[in-house]
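Colleague: With the sequence shown counted from 1, adding 354 to any position gets you our numbering. From the three backbone atoms N, C-alpha and C, an ideal C-beta is built for every residue, glycine too.
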Amino acid sequence: MNERIWTAALVVIGDEILSGRTQDKNVAQIALWLNVQGIRLAEVRVVADRTDAIVEAVNTLRARNDYLFTTGGIGPTHDDITVDAIAVALGVAVVHHPRAVAVLERYYETRGGLTEARKRMARVPEGADLIENRMSGAPGIRLGNIFIMAGVPHITAGMLEALTGTLEGGKPLVARTIGCWVAESEVADLLRHAERDHEGVAIGSYPFFREGRVGANFVVRATDQALVDRCIAALATGLGAAGYAIVDGGI
355 MNERIWTAAL VVIGDEILSG RTQDKNVAQI ALWLNVQGIR LAEVRVVADR TDAIVEAVNT
415 LRARNDYLFT TGGIGPTHDD ITVDAIAVAL GVAVVHHPRA VAVLERYYET RGGLTEARKR
475 MARVPEGADL IENRMSGAPG IRLGNIFIMA GVPHITAGML EALTGTLEGG KPLVARTIGC
535 WVAESEVADL LRHAERDHEG VAIGSYPFFR EGRVGANFVV RATDQALVDR CIAALATGLG
595 AAGYAIVDGG I
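#1: Report the partner residues of Y335 according to the DSSP bridge assignment.
#2: Alpha carbon to alpha carbon, what distance is there between R404 and A511?
#3: DSSP three-state label for T361, please.
#4: Determine the contact status of A411 and R399, defining contact as a CB-CB distance below 8 Å.
#5: Ordered along the chain, which non-local residues of its own chain (more than five positions away) have a Cβ less than 7 Å from that of D457?
#6: Thinking C-beta only, is A588 closer than 8 Å to D551?
#7: Would the stretch 512-521 and the stretch 566-584 be scored as touching if the rule is three or more Cβ pairs under 8 Å?
#8: Just tell me which of A537, F501, E538, H508 has its CA closest to the CA of T520.
#9: Using 10 angstroms around the beta-carbon of P526, count the other beta-carbons present and answer buried if the total reaches 16, otherwise exposed.
#10: At 3 residues or longer, and completely inside the stretch 426-500: list those beta strand (DSSP E) runs for me, N to C.
#11: Helix, strand or coil: which one does DSSP assign to G512?
#12: Using alpha carbons as the reference points, say which of R567, E565, G592, T531 lies closest to V582.
#13: At the level of alpha carbons, what is the spacing between V448 and A417?
#14: Using the Cα positions of I509 and G604, report the straight-line distance between them to the nearest angstrom.
#15: Do G481 and V446 count as a contact pair if the criterion is CB distance below 8 Å?
#16: Would you say G523 faces chain C, with C-beta separation under 8 Å as the test?
#17: By Cβ distance, which residues of its chain are closer than 8 Å to A363, with the 5 residues on each side in sequence left out?
#18: Which same chain residues end up closer than 8 Å to P507 when comparing Cβ atoms and leaving out the 5 residues on each side of it in sequence?
#19: In three-state terms, what does DSSP make of P526?
#20: Is DSSP giving A588 helix, strand or coil here?
#21: With DSSP as the reference, please indicate the residues paired to T531 in a beta bridge.
#22: When the Cα of V442 is compared with those of D434, V401, P479, which residue comes out closest?
#23: According to DSSP, is G594 part of a helix, a strand, or is it coil?
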């Protein structure tokens, strides 16, 4: 019987990402966190601060994955429309979550008070729960299999920490890397055969050019450490027989 694979998608929301003014850092940290939870990040979409774009992405991606994460667009300003757009996608109203209001009142008690703009950060799609945010007060939002999170990476990290161990998933992915100074095209058949002969592994090939030479790192991933080790050993044997020196851990 094939092992159940749990997947997640991520929608990165923000004109500033698409314009290049801000470089996204959340894809990597969310992918790594999901791996530990036994969930694979299957796809990522970056969309503008437009309701129609967010609605389409949310409805498409949540339908074909176990979980959907969004980052960005949940702040206090007029262009923070993620909550409203997701409410439209789900066909529910937007309400002020009483616990979120209380959290923000406490947080801003000595920071100028809870203004109407700041109170916007307590708005949630009706029926939602909260994700704790110890960094800046404003909580994230959880509604079914959708997780609405901040765009600021260190705040996102705190929200992920609050979610750790709360999602159902499979076995975490494990990985090992070897590298050598070789053009990947020269060992393509070897990589293909190694992956075919070790059912359950995925082999990624990552070429580079350094020191005037071409090389590649090969990453073997699976949910079974022993399977990964056997595949790495087979790859190393094949590369060594072809005359290439192996660097365990990659170059």
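Modeller: Put simply:
#1: Lying before the first or after the last residue shown, residue 335 is absent from the chain, which here runs from 355 to 605.
#2: A511 and R404 have their C-alpha atoms roughly 25 Å apart.
#3: Three-state result, T361: strand.
#4: Yes, the Cβ-Cβ distance between A411 and R399 is below 8 Å.
#5: Checking the displayed sequence, the identity of residue 457 turns out to be Val instead of Asp. Excluding positions up to five away in sequence, the list reads G491, P493.
#6: For D551 and A588, yes; Cβs fall inside 8 Å.
#7: Short answer: they don't touch.
#8: Closest in C-alpha terms to T520, from the list A537, F501, E538, H508, comes F501.
#9: Counting the other CB atoms within 10 Å of its CB gives P526 a total below 16, which places it among the exposed residues.
#10: Secondary structure in the stretch 426-500: the beta strand (DSSP E) runs of 3 residues or longer, each lying completely within the stretch, are 448-450, 477-479, 483-485, 494-497 in chain order.
#11: Residue state for G512 is assigned as helix, using DSSP reduced to three classes.
#12: Ranking R567, E565, G592, T531 by Cα distance to V582 puts T531 first.
#13: Between V448 and A417, the C-alpha separation is close to 22 Å.
#14: Approximately 32 Å between the Cα atoms of the pair.
#15: Inclusion of V446 and G481 in the CB contact set at 8 Å is warranted, their separation being smaller than that value.
#16: The chain labelled as chain C is not found in the depicted structure, where only one protein chain is given.
#17: Excluding residues within five positions, the ones whose Cβ falls inside 8 Å are L395, A396, E397, V398, R399, L415, R416, R418, N419, Y421, L422, F423.
#18: Excluding sequence neighbours, P507 sits near K379, N380, Q383.
#19: Coil, per DSSP.
#20: Looking at A588 - three-state DSSP - the assignment turns out to be helix.
#21: In DSSP, T531 forms a bridge with V573.
#22: Of the listed residues, the one whose Cα sits closest to V442 is P479.
#23: In the three-state reduction of the DSSP assignment, G594 falls in the helix class, which pools H, G and I.
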